Amino acid sequence: MTEEPDFQGRSGTGFTARTGCPASVYIHIPFCGAKCAYCDFFSLPVNNFSAGFIENFLESLFAELEVFLETWKPSACPTLYVGGGSPSVLPPRTLLRFLRKVRKPLPSQPEEFTLEANPESLTEEFLCLCREAGVSRLSLGLQTFNPRFLKLLGREAAPEDNHRALKLLDRHWTGERSFDLMYGFPGQKPEEAIEDAREALDHGAGHISAYSLTVEEGTPLFRTIQKGHLPPPNDDTAEDAHLLLSSFLTERGYANYEISNYALAGKECRHNTRYWKLHPYRGIGPAAVSTLPTATGPIRLSGKRSVSASCPPEPDIEIISPQDFLKDYILMGLRTQEGIDTKTFFRIFHLDFYETFSHAVQKNIRFMANNEHRSLYCALTPKGRRLLNPILIDFFEKIDRLAYRGPLDWPLATEQ
Ligand code: SF4
1335 MTEEPDFQGR SGTGFTARTG CPASVYIHIP FCGAKCAYCD FFSLPVNNFS
1385 AGFIENFLES LFAELEVFLE TWKPSACPTL YVGGGSPSVL PPRTLLRFLR
1435 KVRKPLPSQP EEFTLEANPE SLTEEFLCLC REAGVSRLSL GLQTFNPRFL
1485 KLLGREAAPE DNHRALKLLD RHWTGERSFD LMYGFPGQKP EEAIEDAREA
1535 LDHGAGHISA YSLTVEEGTP LFRTIQKGHL PPPNDDTAED AHLLLSSFLT
1585 ERGYANYEIS NYALAGKECR HNTRYWKLHP YRGIGPAAVS TLPTATGPIR
1635 LSGKRSVSAS CPPEPDIEII SPQDFLKDYI LMGLRTQEGI DTKTFFRIFH
1685 LDFYETFSHA VQKNIRFMAN NEHRSLYCAL TPKGRRLLNP ILIDFFEKID
1735 RLAYRGPLDW PLATEQ
């Protein structure tokens, strides 16, 4: 008896890919100009690697993509996201060749193709090549324009790099643009967060991602704070900055459609929205995560935190139990302004949302955005979304009591 090929195209791991579902693709380019002081992502200084190594590494990413496409045979690729790291540190021609190459074998051309870039490596040539490669959306890591805070973050960019990059976009980029901002720096006045947002809006941001600075253990920033050379971020001031920033952006028409994300109508990030709806996606490259359907249920693949220029490294595999999938569904859904579509929820889990979670909903009713009895969407207010973790405890306690073992109709044919 021959075993069916499994998710890697080999036999023996015990999973059979469920073919024919649409799946988004994320590709992780783990190179940056230099490591930022707060960074906990898997990224390495690009100058530590030869041009030949990088070419071979990109080939290995492409090989990983090909194995996925051959094995899962997705019917469509609704969105493609190339992030990092900072893809813009690659030589522009190398990047263009790679982007063109990865688009070719996709079963459909993505409706949204996002590329991440950093201001200091943005050039006119880079923007021109992005257009040629079919990139529809650029996500620029500005973080702040304040020289003190850029220095504290150990960013390569100086304020003038951020200004120069925005001017280049204004002149040479007609696609969608999203800007990453940060707030909650030690010593930051809440109003200073608004100055950054104002500048970003002046340059046509359709989308803003705004994250509070978190100090991750093991980072240089963590050590600086531990040694007492810098005070830790103050949670109350960060919360004030968040509230100010949030009302500044919403008053200007940017919906706070996910905890940290704001967009003008129609400018929401479709790729991330698919993550939050738990649609299948494949993460290619080191440290990238995938959630994919198999004949026996969803699995999670986690790429190793290492780079190899020869063959695609084998990711770790984890079976996602129906109970964990249900928790993920609640967690992701409640992060968004839209919330959980209870009809879709029923079709996936065969559970009545309000009957199942009546206690958790009632207990947190003051944080529910829609108090209408059994409304179609269960969503939290902006404050509720900021207090998500304690609210989730109530939902998760119920899920634990249920000891949910299925059914799990995922992905739904009609959602594809
Ligand atoms: S640019 Fe981003 S990924 Fe690269 S080191 Fe800085 S924070 Fe990390």
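For the sequence shown, the numbering used here assigns the number 1335 to the initial residue and increments by one for each residue that follows.
In this text, a Cβ means the ideal position worked out from N, Cα and C, and glycines have one as well.
None of these values were measured; they are calculated from a predicted model.
| Asked | Found |
| --- | --- |
| G1667 versus Q1696, W1610, R1708 and G1631, residue with shortest Cα-Cα distance | W1610 |
| 8 Å Cβ cutoff met for S1358 and T1413 | yes |
| K1369 Cβ short of 7 Å to the ligand GTP heavy atom set | In terms of ligand content, the structure shown lacks the ligand GTP and carries the ligand SF4 instead. |
| Inter-residue spacing [alpha-carbon to alpha-carbon] between I1725 and R1719 | 9 Å |
| Residue range of the unbroken alpha helix (DSSP H) whose run includes I1559 | P1554 to Q1560 |
| For G1475, the first and last residue of its enclosing beta strand (DSSP E) | R1471 to Q1477 |
| Contacting residues, own chain, Cβ-Cβ under 7 Å from G1343 (five flanking each side not counted) | Unreliable placement is indicated for G1343, whose pLDDT of 45 sits below 50; the coordinate value is still reported in the next sentence. Cβ neighbours of G1343 beyond the five flanking positions: V1401, E1404 and T1405. |
| Residue(s) in a DSSP beta bridge with L1414 | V1359 and F1447 |
| Those residues which DSSP pairs with A1351 across a bridge | T1628 |
| Of the residues K1732, S1546 and L1503, the one placed nearest N1568, counting alpha carbons only | S1546 |
| As assigned by DSSP and simplified to three states, the class of T1670 | strand |
| L1640 vs P1620 beta-carbon contact at 8 Å | The question names Leu, but residue 1640 is Ser in the sequence shown. Yes; because the gap between Cβ atoms is below 8 Å, this pair is in contact. |
| N1568 beta carbon near the ligand SF4 (any heavy atom closer than 7 Å) | no |
| T1336 versus L1535 - alpha carbon distance | Low confidence applies here, because T1336 scores a pLDDT of 35, under 50, leaving its location unreliable and the question unanswered by this model. |
| Own chain, CB closer than 6 Å to E1469, minus 5 neighbours either side, in chain order | For the sequence presented, residue 1469 should be read as Val rather than Glu. The residues are F1447 and L1449. |
| Alpha carbon of K1677 to alpha carbon of V1380, nearest angstrom | 47 Å |
| P1339 versus S1394: straight-line alpha-carbon distance, rounded | Note that P1339 scores 43 on pLDDT, short of 50, meaning its location in the model is unreliable and no value can be drawn from it. |
| Cβ neighbours of G1346 in the same chain (closer than 6 Å, five flanking residues each side left out) | Residue placement at G1346 cannot be trusted, given a pLDDT of 48 that sits under 50; what the coordinates show is reported in the next sentence. Excluding positions up to five away in sequence, the list is empty. |
| Simplified DSSP state of D1734, which is helix, strand or coil | helix |
| N1704 beta carbon near the ligand SF4 (any heavy atom closer than 7 Å) | no |
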